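Read top to bottom, the protein sequences are chains S and V.
Counting in this note's numbering, the first sequence runs from 14 upward without gaps.
Counting in this note's numbering, the second sequence runs from 14 upward without gaps.
Right, one structure below, let's go through it.
Protein chains: 2
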Amino acid sequence: MIRLVGVTKSYTVGDQLVPVLKGIHLEVHPGEFVAVMGPSGSGKSTLMHILGLLDRPTSGDYELNGASVLHLPSNELARLRNQHIGFVFQNFHLIPRMSAVRNVELPMVYAGVPRSKRRARAMELLEMVGMANRAHHLPNELSGGQRQRVAIARALANDPAVLLADEPTGALDQQTGGEILRILQDLHADGRTVMVITHDPRVARAGQRILHMVDGEIVREEVPDEP
Amino acid sequence: MIRLVGVTKSYTVGDQLVPVLKGIHLEVHPGEFVAVMGPSGSGKSTLMHILGLLDRPTSGDYELNGASVLHLPSNELARLRNQHIGFVFQNFHLIPRMSAVRNVELPMVYAGVPRSKRRARAMELLEMVGMANRAHHLPNELSGGQRQRVAIARALANDPAVLLADEPTGALDQQTGGEILRILQDLHADGRTVMVITHDPRVARAGQRILHMVDGEIVREEVPDEP
Ligand SMILES: Nc1ncnc2c1ncn2[C@@H]1O[C@H](COP(=O)(O)OP(=O)(O)OP(=O)(O)O)[C@@H](O)[C@H]1O
Ligand SMILES: Nc1ncnc2c1ncn2[C@@H]1O[C@H](COP(=O)(O)OP(=O)(O)OP(=O)(O)O)[C@@H](O)[C@H]1O
Ligand SMILES: [Mg+2]
Ligand SMILES: [Mg+2]
């Protein structure tokens with residue numbers, strides 16, 4: 014159970030205060046598939062970074078299974094991030110000097126998974142996203158959509174209960190995007206909680222709920238029709 | 014007049030030869046609006062880098078207004094790139110330590126434009142893409158779609174005759190993407206040559222021709238119906 018209560022986030026740029034999240038109230042139940050849509054700059058990625066324990070709110074609270082995460086020790090936050098939450102970044106954040114397969118293995122390295130098991134699982138995940146034949150390419154030897162797919166594979170490395178994906182099909186053609194959507198739906202069908210930021214109506218409609226953000230607030234909740 | 018004759022491009026990864034472009038024949042006439050579509054990894058960005066004089070073919074020729082560019086001295090190539098071709102990169106390539114407005118000014122610095130003129134034009138371009146209120150933010154203080162819009166503004170800095178845009182609306186919501194498409198259409202209406210790689214059918218339909226790439230080749234040309 015993911016719960017945000019009165020979450021705000023502001024940044025300081027020079028001497029300017031830039032308010033970005035202006036009071037977010039949000040509940041995501043275990044096993045839910047939630048989509049988040051909204052204009053460029055409305056705060057979607059900022060919200061997802063807070064949910065992914067990659068950033069802290071300026072004010073308000075974040076409860077995970079009834080307990081506030083804001084008071085957890087940093088090693089416990091790191092463990093949650095590494096093993097329970099898979100995060101697909103909007104700009105991928107692949108390690109430039111590591112090949113695709115080694116990028117996918119990295120979360121497993123942190124989790125202490127043995128070498129041979131890591132390699133087998135990483136290749137299996139790359140296979141799933143159609144990237145097995147580019148396993149040894151560096152990120153700068155991959156196309157935009159290929160990097161995106163490696164980032165998706167990496168997010169799944171430790172088989173997380175929660176998947177947070179920031180525009181996971183943004184760099185993909187219609188067909189490849191459809192394949193990724195099916196993967197997200199399969200992960201959801203297996204009981205995982207999936208939250209996706211997307212500009213693609215087809216991905217949003219796959220959700221059980223669509224949260225619409227404008228200017229730092231959730232202004233509307235939509236329940237798509239059964240497909 | 015842009016002309017590619019039998020262009021191939023291959024890379025070496027480890028001891029593997031990776032053929033990426035497999036014989037491209039292409040003509041783009043002055044003032045044309047051409048869209049390029051195709052699956053992730055099919056060679057679109059590689060093709061555009063060659064067209065933008067950012068990369069050289071492995072074999073074949075590239076003629077610009079009847080003369081081969083492959084034999085031009087590097088300062089002449091740099092001048093063409095800086096003043097005649099605007100390039101919007103798929104992953105934006107903004108300078109991390111420079112603010113949005115200084116990133117947009119950079120091509121004008123290379124072209125020797127005086128300081129006050131540069132600042133005025135850069136702010137005007139940022140205004141056009143809805144980014145004037147983030148002019149002094151660094152790239153890491155901007156959302157994904159905001160970086161994309163700054164990259165578009167920068168490509169237009171020296172008022173190029175040719176605009177090459179690699180998925181210019183990929184990170185944008187429907188509405189902002191529509192605004193960018195209108196900008197591309199206005200630039201085209203003013204007589205510029207516009208070539209856009211896109212996964213968005215709405216952008217592709219704005220073109221006078223759509224080139225479909227699969228596995229390193231142009232397999233089909235489509236003429237969209239009049240809108
Ligand atoms: N580190 C930062 N410092 C200052 N402002 C920031 C910072 N990070 C983000 N912002 C601002 O916060 C706002 C929201 O950014 P965010 O990345 O959450 O938007 P978004 O909804 O994901 O947009 P997009 O659809 O373009 O990805 C933007 O206006 C941005 O300029
Ligand atoms: N420097 C490189 N070294 C090796 N292979 C490369 C290199 N750059 C690109 N490639 C390969 O070339 C192929 C085409 O890449 P390109 O970036 O042109 O694809 P694309 O059509 O733009 O894809 P996308 O829609 O995902 O952006 C890919 O299979 C990629 O792995
Ligand atoms: Mg974002
Ligand atoms: Mg590309």
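Glycine included, each C-beta is placed from N, C-alpha and C at the ideal position.
These figures come from a predicted structure and were not determined experimentally.
Let me know if V236/S comes out buried or exposed under the rule of 16 or more other beta-carbons within 10 Å of its beta-carbon.
-> Exposed is the call here.
Examine chain S for any beta-carbon lying closer than 8 Å to the beta-carbon of T189/V, and answer yes or no.
-> Contacts with chain S at 8 Å (Cβ-Cβ) include T189/V.
Unbroken beta strand (DSSP E) runs of length 3 or more, entirely within the segment 59-117 of chain V: which are they?
-> Whole beta strand (DSSP E) segments, 3+ residues: 72-77 and 98-101.
Within 7 Å: the Cβ of H150/V and any heavy atom of ligand 1?
-> Checking every heavy atom of ligand 1 against the Cβ of H150/V, one is found closer than 7 Å.
Start and end of the beta strand (DSSP E) containing E40/V?
-> Its beta strand (DSSP E) spans residues Q29 to V41.
Whole angstroms is fine: what's the gap from G19/S's alpha carbon to Y75/S's?
-> Distance between the alpha carbons of G19/S and Y75/S is about 9 Å.
Return the bridge partner residues of K22/S from the DSSP annotation.
-> Partner(s): L34/S.
At which residues does the alpha helix (DSSP H) containing M208/S begin and terminate?
-> In the DSSP assignment, M208/S falls outside any alpha helix (DSSP H) and lies within the beta strand (DSSP E) extending over T206 to I210.
Return the first residue and the last residue of the alpha helix (DSSP H) that E140/V is part of.
-> Here the alpha helix (DSSP H) through E140/V covers R128 to M141.
Can you round the beta-carbon distance between R160/S and F105/S to whole angstroms, since I take them to be within the 8 Å contact cut?
-> 5 Å between Cβ atoms; contact.
Does the segment 223-234 of chain S touch the segment 46-57 of chain S, meaning 3 or more C-beta pairs lie closer than 8 Å?
-> Counting Cβ pairs under 8 Å, three or more are found: they touch.
Of the choices I196/S, V31/S and L169/S, whose alpha-carbon is the least far from that of L155/V?
-> For L155/V, the nearest C-alpha among the options comes from V31/S.
Comparing the C-beta of D68/S with each C-beta of chain V, is any distance below 8 Å?
-> So, not an interface residue.
Name the chain S residues whose beta carbon is nearer than 7 Å to that of H150/V?
-> Simply V26.
Straight-line Cα distance separating R16/S from A80/S = Distance from the CA atom of A80/S to the CA atom of R16/S, rounded to whole angstroms, is 10 Å.
State the DSSP-derived secondary structure class of M144/S, mapped to helix, strand or coil.
-> M144/S falls in the coil class under three-state DSSP.
D186/V at chain S interface by Cβ criterion, 8 Å | By this cut-off, D186/V is an interface position.
Beta-carbon proximity list for A39/S, same chain, < 6 Å, skipping 5 on both sides | Note on identity: in this sequence residue 39/S is Leu, with Ala being the wrong assignment. For L39/S, where only same-chain residues beyond five positions count, the Cβ hits under 6 Å are L17.
Using 8 Å as the Cβ pair cut-off and three pairs as the minimum, do the segment 179-194 of chain S and the segment 124-134 of chain S touch?
-> Short answer: they don't touch.
Cβ of R110/S versus every heavy atom of ligand 2: is any distance shorter than 7 Å?
-> No, ligand 2 has no heavy atom inside 7 Å of this Cβ.
Confirm, please, whether the CB-CB distance from E230/V to G36/V is below 8 Å.
-> Yes; because the gap between Cβ atoms is below 8 Å, this pair is in contact.
Using the beta-carbon of each residue, which ones in chain V are nearer than 9 Å to E241/S?
-> Nothing can be reported for residue 241/S: it is not among the residues displayed for chain S, which extend from 14 to 240.
Just how far apart, CA to CA, sit L67/S and K57/S?
-> Cα-Cα distance, rounded: 14 Å.
Three or more C-beta pairs below 8 Å linking the segment 204-222 of chain V and the segment 133-151 of chain V = Contact between the segment 204-222 of chain V and the segment 133-151 of chain V is absent: fewer than three C-beta pairs spanning the two stretches fall below 8 Å.
Proximal residues of chain V, C-beta to C-beta of S129/S below 8 Å | Ordered by position in chain V, no residue passes the 8 Å Cβ test against S129/S, which lies about 21 Å from the chain.
Could you check if H42/V is buried or exposed, using at least 16 other CB atoms within 10 Å of its CB as the buried criterion?
-> Counting every other CB atom within 10 Å of its CB across the protein chains shown gives H42/V a total below 16, marking it as exposed.
What does a CB cutoff of less than 8 Å around G73/S pick up in its chain, not counting 5 residues either side in sequence?
-> Around G73/S: L17, V18, G19, V20, T21, G36 and I37.
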